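A short write-up of the structure that comes next.
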Amino acid sequence: MTTRPFDVSGRRVVVMGAGRSGRAAVDLLLSRGAIVSLVDSRSVIDGADDLRARGVTVHAGPGVGGAIGDADLIVVSPGIAVDEPSVAAARARGAVVIGEIELAFRHLEGRVVAVTGTKGKSTTTTVATLMLRAGGVDATAGGNLGVALSSFVDASTPGTVHVVEVSSFQLETIDTFHPWIAVFVNLEPDHLDRHGSFEAYRAAKARVFQRQTADDWAVVNADDAAVVELARATKARRFDFGFDTTIVDGITVEGDMVVERRGGVSHRVMPVSVVHLPGRHLLADVLAATAVARIAGVDPEAIASAVRAFDGLEHALERVATIDGVMFVNDSKATNVIAVRRAIESFAGGVVPIMGGRDKGGAFADLRQVLRARAAGVVLIGESAALIEEAIGGVVPTERASSMEDAVLRARRLAPPEGVVVLAPGCSSFDMFIDYGARGRAFKAAVHALADSASTAV
1202 MTTRPFDVSG RRVVVMGAGR SGRAAVDLLL SRGAIVSLVD SRSVIDGADD
1252 LRARGVTVHA GPGVGGAIGD ADLIVVSPGI AVDEPSVAAA RARGAVVIGE
1302 IELAFRHLEG RVVAVTGTKG KSTTTTVATL MLRAGGVDAT AGGNLGVALS
1352 SFVDASTPGT VHVVEVSSFQ LETIDTFHPW IAVFVNLEPD HLDRHGSFEA
1402 YRAAKARVFQ RQTADDWAVV NADDAAVVEL ARATKARRFD FGFDTTIVDG
1452 ITVEGDMVVE RRGGVSHRVM PVSVVHLPGR HLLADVLAAT AVARIAGVDP
1502 EAIASAVRAF DGLEHALERV ATIDGVMFVN DSKATNVIAV RRAIESFAGG
1552 VVPIMGGRDK GGAFADLRQV LRARAAGVVL IGESAALIEE AIGGVVPTER
1602 ASSMEDAVLR ARRLAPPEGV VVLAPGCSSF DMFIDYGARG RAFKAAVHAL
1652 ADSASTAV
């Protein structure tokens, strides 16, 4: 991929949203000579004075949509819905509306690996990047993972590979975004509060394939029928991953080995034992990352060395402490029902999940079977506590907690000897915390406080 002509010099551009991606978009636009306005519904924007000193017009507070004015280019952050009235009105009068990912892509050097799906994007993105770097590739990791893609533009070169986690929100606002490799890890209902239906969510996700050609690659979860169905429309070459024994071209498992199949012929990549992450779903994420690395020509030894060095992500089945035989695990990134189920299935039994937060339209009744099989109880927090309790009612004991500290104490009491307490909310965090990271840190602080009190008691 080479830099695409996209001249914003002298153009009036409005950036909607002053979060991480919005700030990165502002920086990129200023560096390219745009006349930038930043709009955010929050009454106070951190660093607003500095932004104004750099020539940015800042509009803060409720009802600032009218500040879009006559701008002919609007860059929306992922948190801004495309049907938000001021955005829809701007589109109706002919303004171009794109997301930060699209803006960055139009200025980026190098090739893009786009990772999407319902659960497992961050782990796949991170492990794939580590594998590429271990193989000598100049690789970056960003997007929805944490660092906005725009932040990598200035340092990008034709040889750079950008591994980008992309959400359904970001995919709604792409146009020319064209991944060399599109990775689709899985698909189940999520974000129904935003998209309105599973069909709309699925359509947004499918956009990851829309610009691919026969020179590109689609890395597809062969075990997920919904993903396989969506991938039928891609023009890219298929390279599958998963545990499906019929995979002809892709990455799978045979016995105790991760193997690469080309034309049905298997070649060893590494022992499964190299992967020391809990849960079959995290092994699947490693298989997806391995597919990316092999397409890029990384040798098996480098792939294995990267996996050995990876201990997992913060807030993703992160082991925090063991107190009196009970393990405490932080899976704050488990913001949907599929993630909760996978968290519970990662352990043999005696699991006490802490669930709740702001509901995203999850089908919590789908958890009844796995809770009956492996859970000792459930502790509920946040706005959705009553909703979840009704959905899973009677399967296992439930308790409601007033705070994260209270939740940890209640979960400890419900957990059997050698049990597992796992923060797996199944919801967004915005009722009690600014984001899932703050929620996870609150959980860890509560666990460490409990550990300190337990050691003092001894």
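If you use my numbering, the sequence shown corresponds to residues 1202 to 1659, in order.
Beta carbons are placed, not taken as given, at the ideal position from N, Cα and C, and that holds for glycine.
From a predicted model like this one, the values you see are computed outputs, not experimental measurements.
Under a 10 Å Cβ-count criterion, K1436 is classified as exposed, with fewer than 16 other Cβ atoms of the shown protein chains found around its own Cβ. The continuous alpha helix (DSSP H) containing G1223 extends over residues R1221 to S1232. For G1557, the CB contacts under 7 Å within the same chain, skipping 5 residues up- and downstream, are L1581, I1582, G1583, S1585, A1586, I1589, P1626 and C1628 in chain order. For A1427, the closest of T1414, D1450 and E1400 by C-alpha to C-alpha distance is E1400. Under the 8 Å Cβ criterion, the stretch 1291 to 1304 counts as touching the stretch 1374 to 1389, having at least three qualifying pairs. Taking the Cα positions, A1434 is about 31 Å away from D1339.
Three or more beta-carbon pairs separated by less than 8 Å are not found between the stretch 1504 to 1522 and the stretch 1604 to 1618, which leaves the two stretches without contact. With a cutoff of 9 Å on beta-carbon distance, F1442 and V1421 are scored as near each other. Here V1508 carries a helix assignment [DSSP, helix/strand/coil].
Per DSSP, reduced to three states, the secondary structure at E1366 is strand. About 11 Å separates the CB atoms of A1415 and R1439; that is not less than 8 Å, and the two are not in contact.
Boundaries around T1258 are those of the beta strand (DSSP E), T1258 to A1261, since no alpha helix (DSSP H) includes it. With fewer than 16 other Cβ atoms inside 10 Å of its own Cβ, P1359 counts as exposed.
Spatial neighbours of V1209 in its own chain (CB-CB distance under 8 Å, excluding positions within 5 residues in sequence) are listed in chain order as L1230, R1233, G1234, A1235 and L1274. Inclusion of G1280 and F1370 in the CB contact set at 9 Å is warranted, their separation being smaller than that value. Listed in chain order, the alpha helix (DSSP H) runs fully inside the stretch 1328 to 1374 are 1369 to 1372, counting runs of at least 4 residues. Taking the Cα positions, R1307 is about 15 Å away from A1315. Sequence-distant partners of V1596 (beyond 5 residues in either direction) whose C-beta falls short of 7 Å from its own C-beta, in its chain, are R1569, L1572 and R1573. In the DSSP annotation of this structure, the continuous segment of the beta strand (DSSP E) that includes F1385 starts and ends at I1382 to F1385. As computed with DSSP, N1531 is found in a beta bridge with E1519 and L1624.
For D1251, there is no enclosing beta strand (DSSP E); the enclosing alpha helix (DSSP H) has its first and last residue at A1249 to A1254. Taking each of F1385, A1592 and L1651 in turn and checking the Cα distance to L1488, the smallest one comes out for F1385.
For M1217, the three-state secondary structure derived from DSSP is strand.
Per DSSP, reduced to three states, the secondary structure at A1577 is coil, with no helix or strand assignment. For the options A1576, S1357, V1348 and R1221, the alpha carbon positioned closest to that of R1543 is the one of A1576.
Rounded to whole angstroms, the separation of the alpha carbons of D1607 and G1344 is 34 Å. Membership of I1299 in the beta strand (DSSP E) is indicated by the continuous run V1297 to G1300.
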